[in-house]
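Sequence positions in the sequence shown follow the working numbering and run 337 to 662. We put the beta carbon where it would ideally sit given N, CA and C, even for glycine. Here the structure is a predicted model, which is why all the values come from computation and not from measurement. Comments concern the structure below.
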Amino acid sequence: MLSNKHMIILIVVSMLLNTANSSEWVVHNAEIMGTTIHTEVWHHDHTLAQRAAELVMQTMQEVNQSMSPYIETSELSLINHKAASQKLSISDELYAVIKRSLYYSEKTQGAFDITFASVGYLYDYRHKQRPDESKIKQQLAGVNYRHIELDENNMTIHFKQPKVRIDLGGIAKGYAVDLAIQRANALGIEHILVTAGGDTRILGDRQGRPWVIGIRHPFNRDKVIAKIPLVNEALSTSGDYERYFDEDGVRYHHIIDPNTGDSARKVHSVTILGPAAMDTDALSTSVFVLGATQGLKLLESLKGIEGIIVDNEGNLLFSSGLQNVE
Ligand code: AMP
Ligand code: MG
Numbered sequence: 337m338l339s340n341k342h343m344i345i346l347i348v349v350s351m352l353l354n355t356a357n358s359s360e361w362v363v364h365n366a367e368i369m370g371t372t373i374h375t376e377v378w379h380h381d382h383t384l385a386q387r388a389a390e391l392v393m394q395t396m397q398e399v400n401q402s403m404s405p406y407i408e409t410s411e412l413s414l415i416n417h418k419a420a421s422q423k424l425s426i427s428d429e430l431y432a433v434i435k436r437s438l439y440y441s442e443k444t445q446g447a448f449d450i451t452f453a454s455v456g457y458l459y460d461y462r463h464k465q466r467p468d469e470s471k472i473k474q475q476l477a478g479v480n481y482r483h484i485e486l487d488e489n490n491m492t493i494h495f496k497q498p499k500v501r502i503d504l505g506g507i508a509k510g511y512a513v514d515l516a517i518q519r520a521n522a523l524g525i526e527h528i529l530v531t532a533g534g535d536t537r538i539l540g541d542r543q544g545r546p547w548v549i550g551i552r553h554p555f556n557r558d559k560v561i562a563k564i565p566l567v568n569e570a571l572s573t574s575g576d577y578e579r580y581f582d583e584d585g586v587r588y589h590h591i592i593d594p595n596t597g598d599s600a601r602k603v604h605s606v607t608i609l610g611p612a613a614m615d616t617d618a619l620s621t622s623v624f625v626l627g628a629t630q631g632l633k634l635l636e637s638l639k640g641i642e643g644i645i646v647d648n649e650g651n652l653l654f655s656s657g658l659q660n661v662e
């Protein structure tokens, strides 16, 4: 007869064989939303895993069609064209994302502000173009989240200032990742990773072990500053190396300080960990603008949220729940 110990070992071994043999991980990559979308899905029914991976990509396409500022027909573009002159009815989806954005504007005293786009649209990082001082000054009149009026009863949006433009680049990828995970889970998937550029969410573990996610060094593509084991978690990174150009030793990049209309320069990179990607996404952009001191203070006040910051002197700073990470 087998002893209990042997039984346990046998069960563990057979479980390992099951996961290893019954099905491989399905991996899909695509270029959507101006970034690389990557998903890894496991299910003992390989066809279901395939379907889920396709659903992830379809979800990203859908969110891009409604929230891209580069697509003339997107709902976001429509809002930017019309919301200053009328109260515009919008979809539940846009309403929810804009409402969450305003929540983070309040939480960060305006460091996170989707109306940054009122000056932000004048930067063209690929062509190394930026607005001059006087143009920035002019457009700053449109930068203030308080210019956005949402009406929950009628599901409308209105801009109280004619210069206002909004952009959801600091939160939409996180929203899309959460939606993709939720849809895959509704299909019956319990083990999946979805990444959209700097925003990732993980459901379940990786064959009985945590996923290990490496955080890239901001100055060295090949170096990793931390490796974090994760299960059921979201993480987002914002860095000044993502979209930028350098001019006379100054870096102009895609995260804008709403107070100045210029790129935020207190830190080089921020990684946030938490339960949902929409929140980690908004918070990585927020803390990037706030800088290390105010940013860490904000993180300490939020339950279930942790962060890693590389400040503008290259110092590595961790929130209190991560002090033991290597
Ligand atoms: P992320 O890489 O998630 O930090 O997002 C960067 C994107 O957020 C930029 O490309 C802009 O679309 C948007 N963004 C830039 N500055 C701000 C800001 N101060 N508040 C909200 N969104 C911003
Ligand atoms: Mg972000």
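Asked: Backbone CA spacing between Gly627 and Tyr439 [nearest angstrom]; Found: 19 angstroms
Asked: Validate contact between the segment 586-599 and the segment 541-552 using beta carbons, cut 8 angstroms, 3 pairs; Found: no
Asked: Check: Gly506 C-beta below 7 angstroms from any heavy atom of ligand 2; Found: yes
Asked: Alpha helix (DSSP H) segment containing Lys435, residue limits; Found: 428-443
Asked: Distance cut-off 7 angstroms: Glu360 Cβ against heavy atoms of ligand 1; Found: no
Asked: Proximity test, Thr621 beta-carbon vs ligand 1 heavy atom, cut-off 7 angstroms; Found: yes
Asked: Continuous beta strand (DSSP E) assignments of at least 3 residues falling wholly in the segment 520-600; Found: 527-532, 535-539, 547-552, 560-566, 569-575, 580-583, 586-589
Asked: Any non-hydrogen atom of ligand 1 closer than 7 angstroms to Asp617 Cβ; Found: yes
Asked: beta-carbon Ser574 near ligand 3 non-hydrogen atom, thresh 7 angstroms; Found: Ligands present in the displayed structure are limited to ligand 1 and ligand 2, and ligand 3 is not among them.
Asked: Status (buried if at least 16 other CB within 10 Å, exposed otherwise) for Thr451; Found: buried
Asked: Between the CA atoms of Ser410 and Asn416 - distance to the nearest angstrom; Found: 10 angstroms
Asked: Contact set for Ala618: own chain, Cβ-Cβ below 8 angstroms, skip 5 residues either direction; Found: Arg436, Ser437, Tyr440, Phe448, Gly506, Ile507, Gly510
Asked: Same chain only: Cβ atoms within 8 angstroms of Leu353, ignoring 5 sequence neighbours per side; Found: Only weak support exists for where Leu353 lies, its pLDDT of 43 falling under 50; the value from the coordinates is given anyway. Excluding residues within five positions, none has a Cβ falling inside 8 angstroms.
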